[in-house]
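**Q** A single structure is presented below for examination.
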Amino acid sequence: MSEYLLILVGTVFVNNIVMVKILGLCPFMGVSRKLETALGMGAATTFVLTLGSGASYLIQHYLLGPELAYLTTLSFIVVIAGIVQFTEMAIKKTSPDLYQVLGIYLPLITTNCAVLGIPLLNVQAKHDFMESLLFGFGGAVGFTLVMVLFAGIRERLEGADVPVIFKGTAIAMVTAGLMSLSFMGFSGLVK
Amino acid sequence: MISALWVMIGISLLLGAVLGYSSIKFKVEGNPLVEKIDAVLPQTQCGQCGYPGCKPYAEAIAKGEIGINKCPPGGEEGIQKLADLLGVEFQPFGEGAAPKGKAVAFIDEQTCIGCTLCIQACPVDAIAGAAKQMHTIIASECTGCELCLPPCPVDCITMESIGENITNWKWRHPVIIPIKVAA
Amino acid sequence: MRTLFAFHGGVHPPTHKDESTRTPIAQTPLPSKLVIPLSQHVGNRAVPIVQVGERVLKGQKIGRPEGKLSSAVHASTSGTVSAIDMQLVAHHSGLPDLCVTLIPDGKDEWIAHGGVDTKQTSHSELRHLLRKAGVVGLGGAVFPSDLKTDAHHHKIKTLVINGAECEPYITCDDMLMRERATDILRGAGILRELLHAEEVLIGIEDNKPEAIAAMQLAVGQDKHDKMEVLSVPTMYPSGGAKQLIRILTGIEVAAGVRSTEMGVQCFNVATAYTVWRALAHGEPLLSRIVTVTGNVSDAQNFDVLIGTPLDELVALAGSKPDTDRHIMGGPMMGVDLPAGTVGITKATNCIIESSPKLFPPQPPALPCIRCTRCTDVCPAELQPQDLYWFAKANNFGKTQEFHLFDCIECGACAYVCPSNIPLVQYYRYAKSEIHERERDKKAADLARERHEYRQLRIERDKQEKAEKLAQKEREAAAKAAQAAATPDDTQQRLIEEALARAKAQAAVAHPQNTETLTPGQSAEIAAIEARRAKIREMAADAGADDEPPKSH
Amino acid sequence: MLSSPFIAQPSSVSQIMLRVLLALIPGIALYVWYFGPAILVSITLASITALATEAVMLKLRSRPIKPFISDNTALLTAWLLALSIPPLAPWWLVVVGTAFAIAVSKHLYGGLGSNPFNPAMIGYAVLIISFPVHMTHWLTPHALGGVELSFVEQLNYIFNGVLPSHLTLDAITMATALDTLKTQLHLGLSVSDIRDMPIYGRLAGKGSEMVAIGFAIGGLYLIFTRIISWHLPVAYLAALFATAGVFHLVDPQHYVTPLFHWFSGAAMIGAFFILTDPVTSPTTAKGKIIFAVGAGILTYLIRVFGGFPDGMAFATLLMNICVPLIDAYTQPKVFGKKGAGK
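Residue numbers (numbering that gives the first Met the number 0), protein chains in the order written: chain H, 0 to 190; chain X, 0 to 182; chain Y, 0 to 551; chain B, 0 to 341.
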């Protein structure tokens with residue numbers, strides 16, 4: 000039980016996928032201008048990642064095995080792409096606004112390096128099914144967490160007297176850097 | 000090699016089946032976005048965007064056929080609202096498309112010959128009158144679209160800008176000296 | 000002893016009330032002219048009913064109320080109307096508004112007038128009299144009093160009479176209570192009758208002991224039952240209606256809610272006084288008490304005719320030469336007047352002559368450091384720093400999320416702000432921008448509706464035309480066919496022809512062009528018809544029943 | 000037309016910040032008393048750098064320099080940063096940290112009032128990550144009878160990196176009380192053994208505990224003059240105490256007393272001077288408590304289980320990130336709307 004907890008804490012905070020591993024920066028910068036959007040993106044990514052981690056474990060373990068290891072990346076991409084397609088259709092139906100706002104970033108979850116990265120890290124770390132699922136879920140929760148926090152800061156910065164050349168993405172990059180700096184405080188907490 | 004092929008084919012078939020099913024399950028009828036865009040547009044029905052009215056422009060935006068900066072009556076704020084709604088970047092107005100001040104049409108009743116051409120042009124039925132009768136603008140309904148100007152054969156319609164008065168007066172954004180004035 | 004309640008926040012600015020309470024209320028001499036604005040109240044501007052050059056008598060109505068939410072305006076003295084035009088008025092905008100200019104003839108000749116026995120008169124009649132007398136709230140909100148005396152079937156428990164007068168410098172209510180307590184209480188008695196209120200609570204800040212004593216004495220003398228004069232702690236803005244209601248009854252009236260819904264109604268002491276004068280003596284609202292203070296040699300209170308030019312009034316108090324601006328109202332919520340020519344209105348409770356020495360200009364504003372001193376003093380329990388942040392960035396949606404419209408613009412936040420940010424101006428800016436957007440939105444909705452209807456109409460016309468055309472063609476074809484048929488049965492042919500004509504006529508008389516419409520189109524038509532019916536209904540109602548009061 | 004109100008209470012940002020600076024004086028005085036005057040050098044150095052950076056940034060942003068440079072906030076950032084860096088640190092360390100704090104974490108965001116992160120703590124975090132070794136050479140208090148450098152010798156070391164020939168750096172510096180504790184625990188010693196070491200006093204590290212008391216006194220002054228609200232320091236110290244207390248009760252030989260945590264490291268100066276920075280802390284009372292409790296717990300976790308000698312700075316920064324959200328979700332009900340939902 001406690002190792003599951005450690006995996007969760009570790010992926011959400013200590014080895015945060017965005018702030019520490021610096022994966023998935025594309026949606027992190029792209030759809031964090033508004034709190035609701037960030038939350039929507041986080042939720043979509045969480046869905047894809049959790050499902051993707053589980054599915055890719057099953058594929059890796061039961062389908063590919065050691066002899067077909069060279070198919071790992073390929074098959075993972077296919078599975079993730081399928082799940083993303085499914086998510087896209089579901090969101091388009093249930094929340095057209097969110098669909099419009101997420102725009103290109105929704106299909107781009109497919110190429111979100113965090114989404115591919117986590118299943119690959121799972122393989123590398125030889126996680127079992129439950130661990131893979133938790134690792135994926137934790138990573139996605141960590142992603143959502145920093146997305147939402149970041150969006151909060153960006154919303155506040157809208158009113159700030161930021162120098163013209165730093166307005167928009169530039170100051171967001173600086174903020175992401177300083178957030179990453181802060182997350183270094185967690186280093187060493189969980190091995 | 001053969002097993003690899005089988006594996007990939009298997010995965011593809013499975014995913015194909017799931018996606019095929021969900022594409023039926025999650026089928027979306029129409030585009031609910033058009034209503035949302037239309038609600039943001041100022042409804043002057045002026046056609047300055049190149050579309051015959053606000054709704055067609057909204058449909059075009061929803062399809063992604065045209066930019067969001069084609070509506071001068073909506074002002075920059077209108078663009079900003081569209082940008083927020085659609086999650087795209089703000090686009091400034093193109094050359095010569097800058098918004099004008101608010102105005103209403105005014106018919107010089109001395110000159111009007113009662114030809115009803117302007118009545119037919121008005122998109123919101125804000126001109127009252129009949130053939131051979133002098134026409135007049137219902138100022139409270141006029142959107143200031145200027146569509147009645149070109150058809151008038153005697154050029155008796157002018158645009159009167161709405162000045163500031165005690166009822167539409169607004170408080171100004173306070174000017175903070177150290178922020179606004181460069182050192 | 001009644002327990003009082005506290006409201007959140009509040010500030011203690013220096014009161015400066017002693018300067019203007021040393022001498023009794025003075026009567027002003029007739030001014031050289033009167034500039035009487037036709038819009039001195041909340042609601043629609045009164046419509047002028049006199050002509051230029053007409054002689055009017057004191058108390059004669061010169062402006063007729065327009066619509067439900069409006070009030071009458073009267074000639075403050077006898078004289079000649081010299082102009083009805085746009086004049087600068089006491090308004091934040093500094094823009095002109097329609098005024099009647101009156102040159103007094105010095106006779107001060109009253110129009111025939113007289114009071115009624117309030118016990119014998121019906122309530123609706125009394126309300127009508129108040130409307131006719133132009134009685135509006137004199138605490139500053141100038142809301143027509145006749146509307147406020149109608150509880151709209153709500154059970155009113157408490158009538159609050161507001162004598163708190165929390166703004167610095169202002170002492171007009173203080174002096175009125177000291178000198179005319181009996182009439183105030185009689186007015187309060189009538190208001191209580193009108194509202195069927197159980198009890199009357201009169202709240203007076205404890206820095207006015209003379210007024211409290213005078214009011215208490217008057218309560219005892221007239222043997223008013225269930226009427227209590229309560230001393231409330233001095234704390235700005237305890238004189239805000241909502242704050243005073245909170246202090247006296249513990250009830251919090253939210254923004255956008257009428258206090259009558261919660262069983263309370265609140266009137267200013269001067270309004271109560273005016274109600275008495277209007278009903279018992281038949282005197283319309285022609286004058287009010289105005290404090291003239293600040294940069295003057297003799298600060299005091301005057302009984303001033305409505306319309307008296309500001310310059311002539313302040314000269315009576317000895318305005319000093321270094322005066323650079325005139326403030327109407329108190330230093331916390333007052334209006335910076337655009338010129339010395341503006342006339343005193345029903346809302347003018349105080350004129351502060353201001354000099355750079357008295358009110359030094361604020362040092363330049365720094366950015367907000369979110370120190371939350373404003374939050375600590377906000378009587379509406381808002382987050383002024385957030386409101387400011389979003390108002391500054393023109394993020395009006397967020398300002399509304401942070402309850403911008405609960406702000407009463409009391410100025411306590413700006414008073415304590417260490418960065419000297421003109422916070423209230425930001426809120427006013429945001430509010431007026433939002434109001435404009437709402438106006439625009441309404442206009443857009445109207446335009447959309449009209450445009451859609453027009454589209455539909457054009458479509459319908461087209462179809463009607465097509466139908467007619469088709470009908471004609473059919474008829475022609477039928478005739479041709481009949482001509483070809485045997486011409487023997489003349490009678491039968493005639494009958495048939497007549498039948499066909501009747502059918503055709505029926506079709507023309509009832510152009511059932513809607514038959515060919517798709518279900519979607521007919522649904523739309525039904526919706527539009529319903530809207531039209533609703534609009535007609537609304538239009539019919541508009542004359543009789545205006546929007547209910549928003550605040551108060 | 001002017002907008003009301005026309006009167007205002009005489010108060011200003013620079014006055015408030017000046018009071019905060021004054022409140023730091025007791026702590027600094029005790030610092031000098033126990034560790035010598037080297038700290039004054041780094042404070043001066045940081046102040047000059049801060050003001051210069053501020054002026055340059057204001058100029059670059061074409062904002063008026065005078066009202067902003069005299070608001071004392073840059074000075075406060077400089078002092079707080081200088082107090083969290085070892086006094087004998089080389090001059091460039093102070094300069095780099097301060098300049099980064101002012102230029103990047105303050106002015107890129109629009110200067111006063113706009114920065115989401117506490118500038119001083121950003122400066123500290125940058126330094127401890129970039130120059131970890133320089134950040135661990137703390138002065139040995141006089142009371143431990145270590146070798147003492149004269150003021151000139153200290154200056155010579157700060158600016159030229161030259162020590163008197165008979166001395167090594169290790170002879171005059173040591174790790175902090177927290178750092179030593181962590182190292183010794185790793186080596187397998189128990190808390191009671193470690194606490195018997197000469198560098199520890201009654202509460203925490205000798206000397207540093209007194210400095211912490213000095214800051215606490217200054218902080219109390221700020222609370223009583225209502226410059227800061229009590230929520231932040233009280234909630235922070237309570238959370239730190241509670242977390243430390245729980246661990247201490249479970250295993251007193253592995254986890255030191257809560258009081259030790261209060262009086263060591265940056266806990267006191269953090270509670271009263273760093274967390275209370277109004278710009279980077281929440282504005283609602285509830286939000287302040289959540290913020291401070293979070294910071295207290297994080298401080299403890301990073302101190303005890305993390306890789307850095309002290310957790311205060313990172314805890315502050317991590318909670319700074321959460322401030323906009325905390326504010327958004329702790330909006331109090333407004334007048335008249337308390338009973339009925341929203």
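We treat Cβ as the ideally placed atom computed from N, Cα and C, and that holds for glycine.
For histidine 402 of chain Y, collect the residues of the same chain with a Cβ closer than 7 angstroms to its Cβ; drop the 5 residues on either side in sequence, then sort them by chain order.
**A** Cβ neighbours of histidine 402 of chain Y beyond the five flanking positions: Leu381.
**Q** Are the CB atoms of valine 47 of chain H and valine 83 of chain H nearer to each other than 7 angstroms?
**A** yes
**Q** If you compare alpha carbons, which of Y:Arg54, Y:Gln119, Y:Cys377 is closest to valine 99 of chain Y?
**A** Comparing Cα-Cα distances from valine 99 of chain Y to each of Y:Arg54, Y:Gln119, Y:Cys377, the minimum goes to Y:Arg54.
**Q** Closer than 6 angstroms by C-beta to methionine 16 of chain B: which residues in its own chain qualify, once you throw out the five before and the five after it? Chain order, please.
**A** Asn71, Thr72, Leu75
**Q** So, for isoleucine 102 of chain Y: in the same chain, excluding its five sequence neighbours on each side, which residues have a beta-carbon less than 6 angstroms away from its beta-carbon?
**A** Lys32, Gly78, Thr79, Ser81
**Q** Using the Cβ count rule (16 or more neighbours within 10 Å means buried), how would you classify phenylalanine 142 of chain H?
**A** buried
**Q** Taking 8 angstroms as the threshold, find out whether the stretch 169-185 of chain H comes into contact with the stretch 300-320 of chain B through three or more Cβ pairs.
**A** Verdict: yes, contact present.
**Q** In the structure shown, what three-state DSSP assignment does arginine 63 of chain Y receive?
**A** It is a strand residue.
**Q** Determine, using beta carbons only, whether valine 89 of chain H comes closer than 7 angstroms to chain X.
**A** The sequence shown places alanine at residue 89 of chain H, not valine. Judged by the 7 angstroms Cβ criterion, alanine 89 of chain H is in contact with chain X.
**Q** Hey, does proline 257 of chain B have any beta-carbon neighbour from chain H nearer than 7 angstroms?
**A** no
**Q** Which of the three DSSP states, helix, strand or coil, is assigned to tryptophan 137 of chain B?
**A** The DSSP-derived three-state label of tryptophan 137 of chain B is strand.
**Q** Within a Cβ cutoff of 8 angstroms, which residues of the same chain sit near glycine 238 of chain Y, ignoring the five residues on either side of it in sequence?
**A** Gly138, Asn161, Ala163, Glu164, Cys165, Glu166, Glu204
**Q** Do cysteine 409 of chain Y and threonine 290 of chain Y count as a contact pair if the criterion is CB distance below 7 angstroms?
**A** Cβ atoms of threonine 290 of chain Y and cysteine 409 of chain Y: not closer than 7 angstroms.
**Q** Within 10 angstroms of the Cβ of glutamine 511 of chain Y, are there 16 or more other Cβ atoms? Answer buried if so, exposed if not.
**A** Reliability fails at glutamine 511 of chain Y, whose pLDDT of 48 lies under 50, so the model's placement of it is uncertain and no value is given.
**Q** Hey, does proline 118 of chain H have any beta-carbon neighbour from chain X nearer than 7 angstroms?
**A** So no, proline 118 of chain H is outside the interface.
**Q** What are the start and end residues of each continuous beta strand (DSSP E) run of 3 or more residues lying completely inside the stretch 327-362 of chain Y, in chain order?
**A** The stretch 327-362 of chain Y contains these whole beta strand (DSSP E) runs: 349-353.
**Q** Quick one: is proline 28 of chain Y buried, meaning 16 or more other Cβ sit within 10 Å of its Cβ, or exposed?
**A** exposed
**Q** Go ahead and label glycine 162 of chain X buried or exposed: buried means 16 or more other beta carbons lie within 10 angstroms of its beta carbon, across all protein chains shown.
**A** With fewer than 16 other Cβ atoms within 10 Å, it is exposed.
**Q** If contact means a Cβ-Cβ distance below 9 angstroms, which residues of the stretch 146-157 of chain H contact chain Y?
**A** Glu154, Arg155, Glu157
**Q** Does DSSP put histidine 153 of chain Y in a helix, a strand or coil?
**A** coil
**Q** So, is histidine 90 of chain Y buried or exposed, given that buried needs 16 or more other C-beta atoms within 10 angstroms?
**A** buried
**Q** Could you name the residues of the same chain whose beta carbon sits closer than 8 angstroms to that of valine 103 of chain X, not counting the 5 residues immediately before and after it, in chain order?
**A** For valine 103 of chain X, same chain residues with a beta-carbon under 8 angstroms away, outside a window of 5 residues either side, are Ile136, Ala138, Cys141, Gly143, Met158, Glu159, Ile161 in chain order.
**Q** Contact between the stretch 26-39 of chain B and the stretch 437-449 of chain Y is defined here as three or more beta-carbon pairs at a separation below 8 angstroms; is this criterion met?
**A** no
**Q** Would the beta-carbon of isoleucine 117 of chain H fall within 7 angstroms of that of glycine 137 of chain H?
**A** no
**Q** Under 7 angstroms, Cβ to Cβ, is there at least one residue of chain H near alanine 124 of chain B?
**A** yes
**Q** Bridge partners of tryptophan 109 of chain Y, per DSSP?
**A** Note: tryptophan 109 of chain Y sits in a beta bridge opposite Y:Lys57.
**Q** Grab the span of the beta strand (DSSP E) containing isoleucine 288 of chain Y for me, first residue to last.
**A** 286-293
**Q** What ranges does the beta strand (DSSP E) occupy inside the stretch 15-42 of chain Y, keeping only unbroken runs of at least 3 residues that lie completely in it?
**A** 33-36
**Q** Which ranges does the beta strand (DSSP E) cover as unbroken runs of at least 3 residues, wholly within the stretch 156-228 of chain Y, from first to last along the chain?
**A** 157-161, 198-204
**Q** How big is the Cα-Cα spacing for proline 106 of chain H and serine 41 of chain B?
**A** 53 angstroms
**Q** Residues of chain H with a CB under 9 angstroms from the CB of phenylalanine 307 of chain B: which are they?
**A** Met183, Gly184, Ser186, Gly187
**Q** Regarding glycine 306 of chain Y and the ligand HEM, is the C-beta to nearest heavy atom distance less than 6 angstroms?
**A** For the structure depicted, the ligand HEM is absent and the ligand set is empty, with no information on it obtainable.
**Q** Can you confirm whether alanine 526 of chain Y, when its beta carbon is compared against all beta carbons of chain X, has any partner nearer than 7 angstroms?
**A** No, alanine 526 of chain Y does not count as interfacial toward chain X.
**Q** Nearest CA to the CA of serine 92 of chain Y: which residue from Y:Val341, Y:Asp297, Y:Lys222, Y:Leu455?
**A** Y:Val341
**Q** DSSP beta-bridge partners for valine 80 of chain Y?
**A** Y:Leu101
**Q** Between the stretch 387-395 of chain Y and the stretch 6-17 of chain Y, can you find at least three pairs of beta-carbon atoms closer than 8 angstroms?
**A** no
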